[in-house]
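Enquirer:
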RNA sequence: AGCCUUGUCGUCUAACGGUAGGACUGGAGACUUUGGAUCUCUAUACCGGGGUUCGAAUCCCUGCGAGGCUA
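Numbering (the working numbering), first residue to last: -13 to 345.
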């Protein structure tokens, strides 16, 4: 079986090579370049060290290695998407889009199609049911990364392998140490990968600029401050408002008038919600419910968190509406709601959190 | 103009006359392959000038600022 292993130089993806060899496979290692400096030099991903480590891994395990670039595709699909979404007042999820469009999209078209399987270092598993492959959660529920894979489709999942999906993180690190992999002690990557050392707000500012607008207290309608553009703030956000007498949380945005509405207190009710409307819902493997009346018991995530929330799913036309058992903080339009079965085993599918005004 | 009240970190708010605390904001770190949230740590102040006291943010005088009252 021909396997392509996507290796980034981090611990997780390094260890998959070891595991694949253990299983008797001889994977071809791919390092995908994505985050490169654009013409203005804003995007800057320190790829050197990553490539060095990946090369070392390839040598150590005697694997073929290819460094490929999906820079333009990344720019086209992920960076543009991010900027466009933010501009519309939404809160994007670049990493999910990267998985869907780049790692398992463009890569497949260019190189992956010559392989039987594509292996990655995600904490996720696959499960075969009725002759079909389903995305299922990792053994290590805390590390589970299926949230980021919620947008992929049946073709993609049936070709994927997650060699470390059944290991706890601690063990992955232990293996790396035991094998003396250079990545053993590396910090887990965090933040949007293409940003490198630039922070998110700087990035947004570079492309969308600044425009001063009002900050209004939702309950009283009083103007209590100014902001530099609604695109710098997301629902549920506390940091960065610069208002005293808080804490203050962003509750609502008026993109037309560039106004941000906030509520005061440690736990303003306005900060929470129990219903989440998902638009453009897509099932990963199969639409297991079809059209249905009433509700389905599910668990779900509205962001990457260790725990799953329980709730009920209702179908209203094309909209899938989640009724959460617990109130959820900071439900932001543009983010994805990923739905799992009630046991939090199978990842069923996902949709984009809709603007409340849109439903 | 006269009278009264008032003046503490960027903001709000504490401190029997004994040497300035808390909250929010800001900053740093932890957590996290999105945005966020959360947790930990941390920075900054007694309006100026005189007195009275062993000792004043706290008492007195005065200057300045703020608010109010007075015809």
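Every residue, glycine too, gets a C-beta built ideally from N, C-alpha and C.
Here the structure is a predicted model, which is why all the values come from computation and not from measurement.
For residue 323, collect the residues of the same chain with a Cβ closer than 7 Å to its Cβ; drop the 5 residues on either side in sequence, then sort them by chain order.
Expert: By one-based count along the first chain, residue 323 stands at place 337. 262, 264, 286, 288, 308, 336, 337, 339.
Enquirer: Is residue 77 closer than 8 Å to residue 220 when the C-beta atoms are compared?
Expert: Mapped onto the first chain, residue 220 falls at position 234. Mapped onto the first chain, residue 77 falls at position 91. Cβ atoms of residue 220 and residue 77: closer than 8 Å.
Enquirer: Mapping DSSP to helix, strand and coil, what is residue 278?
Expert: Counting from 1 along the first chain, the entry for residue 278 is found at position 292. The answer is coil: DSSP assigns residue 278 none of H, G, I, E or B.
Enquirer: Can you give the Cα-Cα distance for residue 214 and residue 70, rounded to whole angstroms?
Expert: For the purposes of this step, residue 214 is taken as the residue at position 228 of the first chain. For the purposes of this step, residue 70 is taken as the residue at position 84 of the first chain. Distance between the alpha carbons of residue 214 and residue 70 is about 18 Å.
Enquirer: Does the separation of the CB atoms of residue 246 and residue 199 fall below 8 Å?
Expert: Sequence index remark: in the first chain, residue 246 carries index 260 (1-based). Sequence index remark: in the first chain, residue 199 carries index 213 (1-based). Their beta carbons are under 8 Å apart, which means residue 246 touches residue 199 by this criterion.
Enquirer: Considering only the beta carbon of each residue, do residue 88 and residue 20 sit closer than 8 Å?
Expert: As a first step, residue 88 must be located in the first chain, where it is residue number 102. As a first step, residue 20 must be located in the first chain, where it is residue number 34. The answer is yes: Cβ separation under 8 Å.
Enquirer: Please list the segments of the alpha helix (DSSP H) lying wholly inside the stretch 44 to 84, counting only runs of 4 or more residues, in order along the chain.
Expert: 57 to 60, 66 to 73, 80 to 83
Enquirer: Starting from residue 115, trace the beta strand (DSSP E) both ways and give me its first and last residue.
Expert: Within the first chain, the letter at position 129 stands for residue 115. Run containing residue 115: 111 to 115, per the beta strand (DSSP E) assignment.
Enquirer: Which one or two residues does DSSP pair with residue 321 in a beta bridge?
Expert: The count along the first chain starts at 1 and reaches residue 321 at position 335. DSSP output for residue 321 lists 319 as bridge partner(s).
Enquirer: Give the single residue among 73, 166, 53 whose Cα lies nearest to the Cα of residue 47.
Expert: Against the first chain, residue 47 aligns to sequence position 61. Among 73, 166, 53, the Cα nearest to that of residue 47 belongs to 166.
Enquirer: Which residues mark the beginning and the end of the beta strand (DSSP E) in which residue 188 is found?
Expert: Against the first chain, residue 188 aligns to sequence position 202. Bounds of any beta strand (DSSP E) do not take in residue 188; it lies within the alpha helix (DSSP H) bounded by 186 to 194.
Enquirer: So, does the stretch 154 to 166 touch the stretch -7 to 4, judging by three or more C-beta pairs under 8 Å?
Expert: Look at the beta carbons and you see the stretch 154 to 166 touching the stretch -7 to 4: at least three pairs across the two are nearer than 8 Å.
Enquirer: Shortest alpha-carbon distance to residue 313 belongs to which of 303, 326, 298, 306?
Expert: As a working note, residue 313 is residue 327 in the first chain. The candidate whose alpha carbon is nearest that of residue 313 is 298.
Enquirer: Give the single residue among 328, 6, 73 whose Cα lies nearest to the Cα of residue 189.
Expert: Position 203 of the first chain, counting from 1, holds the residue named residue 189. Nearest C-alpha to residue 189: 73.
Enquirer: Keeping to the same chain, check which residues put their C-beta closer than 6 Å to that of residue 53; ignore five residues upstream and five downstream.
Expert: Taking the first residue of the first chain as 1, we reach residue 53 at position 67. Hits under 6 Å: 17.
Enquirer: Please state the DSSP three-state secondary structure of residue 159.
Expert: Here residue 159 refers to the residue found at position 173 when the first chain is read from its first residue. Three-state DSSP puts residue 159 in a helix.
Enquirer: Report all residues from its chain with a CB closer than 8 Å to the CB of residue 248; omit the five preceding and five following residues, and keep chain order.
Expert: By 1-based counting over the first chain, the position of residue 248 is 262. 201, 202, 203, 204, 210, 227, 229, 234, 235, 236, 237.
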